[in-house]
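What follows is one structure encoded as structure tokens, with my remarks underneath.
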Amino acid sequence: MRIRIGVLTYRGESGFVEPGFFRRLVQEGREMGIEVFLFSPQDVRFSERRINGFVPEGNKWRRRQFTWPDIVIDRYRYYPLPKHRAYLPFRKQNWFRYANNRFSNKFVVHQILIQDPELQRWLPETLPYDRKTLASMFTDHRQVYLKPTNGSGGRSILRVEKKAGRYLLHGRTKQQAKSCEKLATLREVCERLEHWMKNEKNGNEQFFLQQGLQLSLIPNRTVDARLLVQKDGTGKWCLTGMGIRVGPTQSSTSNLHGGGKALPAISFLIERFGHEEAERIVLECKELAIKTVTRIEEHFGQMMEFGFDLGIDVHGKIWIIEINPKPGREIFKQMREYERYAMAIRRPLEYALYLVNKSNLTD
Ligand SMILES: Nc1ncnc2c1ncn2[C@@H]1O[C@H](COP(=O)(O)OP(=O)(O)OP(=O)(O)O)[C@@H](O)[C@H]1O
Ligand SMILES: [Mg+2]
14 MRIRIGVLTY
24 RGESGFVEPG
34 FFRRLVQEGR
44 EMGIEVFLFS
54 PQDVRFSERR
64 INGFVPEGNK
74 WRRRQFTWPD
84 IVIDRYRYYP
94 LPKHRAYLPF
104 RKQNWFRYAN
114 NRFSNKFVVH
124 QILIQDPELQ
134 RWLPETLPYD
144 RKTLASMFTD
154 HRQVYLKPTN
164 GSGGRSILRV
174 EKKAGRYLLH
184 GRTKQQAKSC
194 EKLATLREVC
204 ERLEHWMKNE
214 KNGNEQFFLQ
224 QGLQLSLIPN
234 RTVDARLLVQ
244 KDGTGKWCLT
254 GMGIRVGPTQ
264 SSTSNLHGGG
274 KALPAISFLI
284 ERFGHEEAER
294 IVLECKELAI
304 KTVTRIEEHF
314 GQMMEFGFDL
324 GIDVHGKIWI
334 IEINPKPGRE
344 IFKQMREYER
354 YAMAIRRPLE
364 YALYLVNKSN
374 LTD
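So the sequence shown is numbered by this note's numbering: it starts at 14 and just counts up by one.
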């Protein structure tokens with residue numbers, strides 16, 4: 014019998030959020046002899062144990078009935094918005110066997126990781142927003158970032174930089190509008206930040222403060238690294254690939270969605286730091302990623318893949334900026350690493366297949 018993998022995702026009036034990726038996922042599945050289909054919470058017919066799922070057909074999506082999947086990959090990117098209301102209660106029910114467990118928001122994840130003495134050296138200072146906290150962070154750091162706990166694509170992030178006794182604010186709103194301001198006092202900064210949070214928050218979302226890292230490996234740019242770490246067909250964690258993201262000039266973020274560009278990591282690091290140091294950086298990134306996913310799995314249970322946003326500061330020190338449980342793979346396409354892009358799509362399917370076969374053996 015063909016193994017059937019369901020991919021849980023959001024589907025709104027304008028369709029799926031990552032149609033290109035999903036097409037490839039179903040196609041790679043077909044080549045591996047696996048049936049892959051997409052579905053959303055509203056597509057499940059519990060009484061009949063069937064799902065009205067979707068598969069691509071030409072340029073369109075075709076609706077088809079599927080019997081219960083052997084395993085489900087959760088690819089639902091949840092934000093606290095009314096349209097995502099159904100997801101959390103649905104996901105918590107565990108109607109299916111999932112290849113990846115549920116994860117948490119950036120701030121909670123930071124609080125969990127910071128308890129591990131082995132990981133502390135890679136974690137920037139991260140605290141809930143408060144006027145006093147902001148003031149005390151400026152005694153140690155020249156820059157402080159204000160970020161939403163559920164943000165994505167660099168949206169709603171504001172950077173505050175202290176320069177010549179004044180404060181420079183740089184950020185991008187939810188609608189991608191750039192914001193740039195100069196303020197004289199910390200009190201004004203606090204008022205501005207509070208106004209920003211009120212306008213930018215989704216539902217009852219919180220914001221937090223983070224030590225600003227010196228990421229201008231290229232002058233006037235925010236530069237960081239993206240690592241894709243995935244389980245393979247034997248259940249082992251692997252580094253699938255790594256790229257460097259360079260933000261547009263004067264931008265406080267490097268995200269590809271915000272106009273960032275991707276570069277191959279090794280050649281960039283060698284040019285900036287020399288051979289020996291570049292090698293040390295790559296090895297440390299790998300070590301950090303494996304130690305972190307191990308810690309995460311102890312806390313959250315089995316996971317499948319992560320995209321690590323890592324800061325490599327101007328001194329070559331490595332920092333964990335963020336860990337994405339439902340990462341994109343577009344960076345490999347941008348770097349024209351098409352083989353790696355294909356591998357990044359296949360690995361979760363191979364891992365899901367491994368889980369199903371393993372449980373069939375023990376049944
Ligand atoms: N503390 C920081 N210091 C310097 N730069 C930062 C810091 N935090 C974030 N950035 C820059 O902003 C970018 C976006 O931040 P982050 O990854 O936390 O949120 P996001 O990208 O909006 O979320 P997601 O990756 O889930 O889409 C980072 O990739 C980095 O370039
Ligand atoms: Mg990010």
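All residues carry an ideal CB built from backbone N, CA and C; glycine is no exception.
Notebook entry, point to check: Which runs of the beta strand (DSSP E), 3 residues or longer, sit entirely within the region 55-95?
Noted result: 63-70, 73-80 and 84-87
Notebook entry, point to check: Helix or strand or just coil, what does DSSP make of residue 373?
Noted result: Within the sequence shown, the letter at position 360 stands for residue 373. If DSSP states are grouped into helix, strand and coil, residue 373 belongs with the helices.
Note to self: Considering only the alpha carbon of each residue, which of 71, 69, 52 and 78 lies closest to residue 103?
What the structure shows: On the sequence shown, position 90 is the one that residue 103 refers to. Among 71, 69, 52 and 78, the Cα nearest to that of residue 103 is on 52.
Check: Any heavy atom of ligand 2 closer than 8 Å to the CB of residue 264?
Finding: Walking along the sequence shown from the start, residue 264 turns up at place 251. Checking the Cβ of residue 264 against ligand 2 gives no.
Next item on the list: Report yes or no: do three or more beta-carbon pairs, one from the region 102-121 and one from the region 61-71, lie closer than 8 Å?
Entry: no
Next item on the list: Collect the residues with a C-beta less than 5 Å away from any heavy atom of ligand 2 and give them in sequence order along the chain.
Entry: 322 and 335
Check: Can you find a heavy atom of ligand 1 that lies under 8 Å from the Cβ of residue 219?
Finding: Along the sequence shown, one-based indexing puts residue 219 at 206. Outside the cutoff, so no.
Next item on the list: Use the C-beta contact count for residue 316: other C-beta atoms within 10 angstroms, 16 or more gives buried, fewer gives exposed.
Entry: Counted from its first residue, the sequence shown places residue 316 at position 303. It is buried - the Cβ of residue 316 has at least 16 other Cβ atoms within 10 Å.
Check: Using a threshold of 8 Å, is the CB atom of residue 237 nearer than that to any non-hydrogen atom of ligand 1?
Finding: Along the sequence shown, one-based indexing puts residue 237 at 224. Under cutoff, so the answer is yes.
Notebook entry, point to check: In its own chain, which residues sit with a C-beta less than 6 Å from the C-beta of residue 48, not counting the 5 before and 5 after it?
Noted result: What you label residue 48 is simply residue 35 of the sequence shown in a count that begins at 1. Closer than 6 Å at Cβ, skipping near neighbours: 15 and 17.
Notebook entry, point to check: Helix, strand or coil: how does DSSP classify residue 198 here?
Noted result: Translated into the one-based positions of the sequence shown, residue 198 becomes position 185. If DSSP states are grouped into helix, strand and coil, residue 198 belongs with coil.
Next item on the list: Ignore the nearest five residues each way along the sequence and tell me which others in residue 365's own chain have a CB closer than 7 Å to its CB.
Entry: Within the sequence shown, residue 365 is the residue found at index 352, counting from 1. Once the five neighbours on either side are set aside, the close Cβ partners of residue 365 are 18, 84, 86 and 112.
Margin query: Output needed for residue 135: all residues of its chain with C-beta closer than 7 Å, excluding positions within five of it in sequence on either side, in chain order.
Written below: Taking the first residue of the sequence shown as position 1, residue 135 is located at position 122. Around residue 135: 301, 331, 332 and 333.
Check: Is the region 305-320 close to the region 204-221, with three or more CB pairs under 8 Å?
Finding: no
Next item on the list: Buried or exposed for residue 33, please, with buried defined as at least 16 other CB atoms from any protein chain shown within 10 angstroms of its CB.
Entry: Counting from 1 along the sequence shown, the entry for residue 33 is found at position 20. It counts as exposed.
Margin query: Quick check for students: name the residue ranges of the beta strand (DSSP E) that lie wholly in the region 265-324, counting only runs of 3 or more.
Written below: 274-277
Note to self: Please state the DSSP three-state secondary structure of residue 180.
What the structure shows: Locating residue 180 in the sequence shown gives position 167, where the first residue counts as 1. Strand.
Check: Between residue 319 and residue 91, what straight-line distance do the alpha-carbon atoms span, to the nearest angstrom?
Finding: Looking up residue 319 in the sequence shown gives position 306. Looking up residue 91 in the sequence shown gives position 78. Whole-angstrom Cα-Cα distance: 16 Å.
Next item on the list: Give the range of the beta strand (DSSP E) segment to which residue 226 is assigned.
Entry: On the sequence shown, position 213 is the one that residue 226 refers to. No beta strand (DSSP E) contains residue 226, which DSSP labels as neither H nor E.
Margin query: Quick check on residue 147: does DSSP put it in helix, strand or coil?
Written below: Position 134 of the sequence shown holds residue 147. Residue 147: helix per DSSP, three-state reduction.
Item checked: For residue 38: DSSP bridge partner residues -> Locating residue 38 in the sequence shown gives position 25, counting from the first residue. According to DSSP, which records beta bridges pairwise, residue 38 is partnered with nothing at all.
Margin query: Considering only DSSP beta bridges, list what residue 160 is partnered with.
Written below: As a working note, residue 160 is residue 147 in the sequence shown. Looking at the DSSP assignment, residue 160 forms a beta bridge with 221.
Margin query: Considering only DSSP beta bridges, list what residue 250 is partnered with.
Written below: In the sequence shown, residue 250 corresponds to position 237, counting from 1. For residue 250, which the question treats as bridged, DSSP gives the partners 244.
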